[in-house]
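So in my numbering, the last one in the sequence shown is 799, and the numbering has no gaps at all.
Just so you know, even glycine gets a beta-carbon here, dropped at the ideal spot from N, CA and C.
Report on one structure; see the data block that follows.
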Amino acid sequence: MGIIESMRLDGKKGFVTGGARGIGKCTATGFAEAGAEVAIVDLDIDEAEKTAKEIAEKTGRKVVAIKCDCTKEDEVKAMVDKVVAELGGLDFCHANAGICINAPAEEMTFDQWNKVININLNGVFLTDTIAGKYMLEHGGGSIINTASMSGHIVNVPQPQCAYNASKAGVSQLTKSLAVEWAKKNVRVNAISPGYIGTDLVLANKGLAPLIDKWNAMAPMGRLGKPEELESICVYLAGDTSTFTTGSDFIIDGAFTCF
Ligand code: NAD
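Right under this line is the structure:
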């Protein structure tokens, strides 16, 4: 089999949190295009159902929608059980749900801090460990986390200490789980995107006006598109990345290079 065929995901089953829109919708589409059956997991079940239908029609694969708040342990457990029941197993997952709240540190409320850490870091911990437990007990799997370039640099001019800290946490959690599970055939990797044109940026009144400023700082002079993150995730979910674990792929058009 050639390398491109080996990268296909035929027969594999997986889920994407925050899969209803943005980056998660794109990676779910990539997984299904590569042959996988996929669950779209999101708080917003109406949007998740629309997305699941759209991807199923486009790819001919089984794509289901599952409502889940990734910050709630019982909901994440029930979600993983449902993925296994509806798709017949679990080979990979993309822990991607996340939010951004911007406020100067001295004005950020503890509630705002907790909300960001809860979704971006605690949610990934729950998703990874609950899905990982299933994978450890069933022969292995591949976990992909969405971190961010914000875990590697401090973005300016917007103040976002909670977001930056949460994403640095995701990068280090990724490496910790990769080492713990390295001999047990469960791989854990992260993607760290730069600025990507999704609702997280475009629909955020505090962030959207900054796009021109960011583009002026960006070597490529533009935002990334969510589609530009698909292929790395298909690679990580599949069987050509078997020596790739504990890696954190910064995909930012060279934004963090200087
Ligand atoms: P988005 O706002 O377009 O989509 C996020 C999705 O997550 C939404 O569908 C939302 O309903 C869902 N979600 C939020 N909280 C949830 C919860 N508790 N449980 C389940 N689902 C929940 O954002 P996006 O840009 O696609 O971001 C996806 C991930 O990528 C996030 O982790 C974000 O931090 C990260 N990221 C985004 C950028 C960017 O510039 N857009 C850059 C780097 C990293």
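query, result
"Helix, strand or coil at residue 697 [DSSP, three-state]", "coil"
"Residue 782 beta carbon near ligand 1 (any heavy atom closer than 7 Å)", "no"
"beta-carbon residue 726 near ligand 1 non-hydrogen atom, thresh 7 Å", "no"
"Classification of residue 554 by the beta-carbon crowding that lies within 10 angstroms, buried from 16 upward", "buried"
"DSSP-derived helix/strand/coil call for residue 641", "coil"
"Status (buried if at least 16 other CB within 10 Å, exposed otherwise) for residue 572", "buried"
"Where residue 735 sits in the DSSP three-state scheme", "coil"
"Residue 636 to residue 715 span [Cα, whole Å]", "11 Å"
"Start-end ranges of the alpha helix (DSSP H) lying completely within the stretch 613-671, minimum 4 residues", "614-628 and 651-658"
"Heavy atom of ligand 1 within 7 Å of residue 641 beta-carbon", "yes"
"Residue nearest to residue 788 in terms of C-alpha spacing, selected from 629, 735 and 686", "686"
"Residue 647 burial status per 10 Å Cβ neighbour count (16 or more: buried)", "exposed"
"CA-to-CA distance, residue 678 to residue 771, given in whole angstroms", "28 Å"
"Cβ-heavy atom distance, residue 609 to ligand 1, below 7 Å", "yes"
"Residue 722 beta carbon less than 8 Å from that of residue 711", "no"
"Beta-carbon proximity list for residue 570, same chain, < 8 Å, skipping 5 on both sides", "596, 599, 600 and 771"
"Sheet register partners of residue 581 (DSSP bridge)", "557 and 606"
"Closer than 7 Å: residue 750 CB and nearest ligand 1 heavy atom", "no"
"Proximity winner among 746, 688 and 751, relative to residue 698 (alpha-carbon distances)", "751"
"Buried versus exposed, by CB contacts within 10 Å (16 or more), residue 756", "exposed"
"Given residue 576 as reference, the closest of 591, 602 and 617 once Cα atoms are compared", "602"
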